[in-house]
Each structure stands twice: as structure tokens, then as C-alpha cells.
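With mature numbering (1 follows the signal peptide of the UniProt record, and there is no 0) applied, the sequence shown corresponds to residues -27 to -1, 1 to 131, in that order.
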Amino acid sequence: PVHQINPLSSIFILLLLLLLLLQDSRSVIQYQFLSWPDHDVPYESAGIVDLLEGVRNSQRTHTSPLLVHCSAGCGRTGVICALDYIHDLLHTTDFSIMEIVLELRRQRPSAVQTKDQYQFIFTAVACMLERVLQPSSQQFYYNMSEVKTQGKSCSTSL
């Protein structure tokens, strides 16, 4: 049996499949990104970042192996693998996107096939960093407005 979990999304389809073999069963969650042409890039990066966050959230409760694949298993798959790996590095260490792509290519020739796909990784990483830093910047602005308020009350009390 197959159940579509997010029928209203125009970014990706989320399917829940139940595989049965005799007495054994396994559930499989499939994420299918809808608007990523072969040898090209998505129009914007937020959809891919949303997809990756959804996959990571589902991995917290489902311990099944993760499989990423596009038609040839090279270009788009390489981009997703690079972004997933970079996601793990965001809070821990400095990293080089070029070195990550080169390492992927040592393991899977043609991973990240085009210049546009390579540039898209930078765009998507910027989107991920923006999301990571956004709560900090909101707290910063809150603290600054508090300082300004304190400053005004101090200046009026003199």
C-alpha cells in the first residue's frame, strides 16, 4: 500500500510505502522533489533545504537506511549528498565546498555534474546558514532594542 502524506505540496511529494514479504514488513518514506530538471538546478534553494530538513526529521524516528537517487545517480544526487554532509558541518568546523565536492567525486564520478549545480550548493548553504543564524539575529535585535530603551531611560533620569 502507498499513502501520499503531503498532497498539497507543490515542492515535493512525500509517500509512505509499506513493503510486505511473508511475515515481514517494512515502511519506506519516499521524498520526491518535483521541480529539478536533469543537469539543471531548482529555481530557488529554500525548497531543497525544506526537503533536507524533512528527511532529517523523519530520520529521528525511522532508523531505516537513507537512499538518495536521481535518474543517473550523479548530478542531483551529488548536490543532495553534499548539502546533507555540509549540514552536519555547519556547527562544528570550517569546511570547503570545493573539497567536499571533490571527495564526493572520488567516491562517485560525475557527482555534481554542472557549474550551475556547483553554484547551487553555495546558494543552498547560504540559505541553511541564514536559517541557523536567524534566531541569533532576532535575539541580537531584541537585546539592542533593550539597550536602546535602557539608554533612553538613563538619559532622561539625569
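Heads up, the beta-carbon is just placed ideally off N, CA and C, and yes, glycines get one too.
Between VAL74 and the set PHE93, ILE21, ILE2, the nearest pair of CA atoms involves PHE93. Residue pairing of VAL1 in beta bridges, as defined by DSSP: LEU(-11). In the three-state DSSP reduction, PHE(-16) falls in the strand class (E or B). For GLN80, the enclosing alpha helix (DSSP H) stretches over residues 70 to 80. Between the segment 94 to 107 and the segment 47 to 57 there are three or more inter-stretch CB-CB distances shorter than 8 Å, so the stretches are counted as touching.
In the DSSP annotation of this structure, the continuous segment of the alpha helix (DSSP H) that includes LEU24 starts and ends at 19 to 34. The Cβ-Cβ distance between THR34 and CYS43 does not fall below 9 Å. Per the DSSP secondary-structure output, PHE6 pairs in a beta bridge with PHE(-16).
The Cβ atoms of ARG(-2) and LEU(-10) lie closer than 9 Å to each other.
Contact annotation: VAL85 and VAL52 have beta-carbon atoms nearer than 9 Å.
The beta-carbon separation of LEU(-8) and TYR4, rounded to 22 Å, does not stay under the 8 Å limit for a contact.
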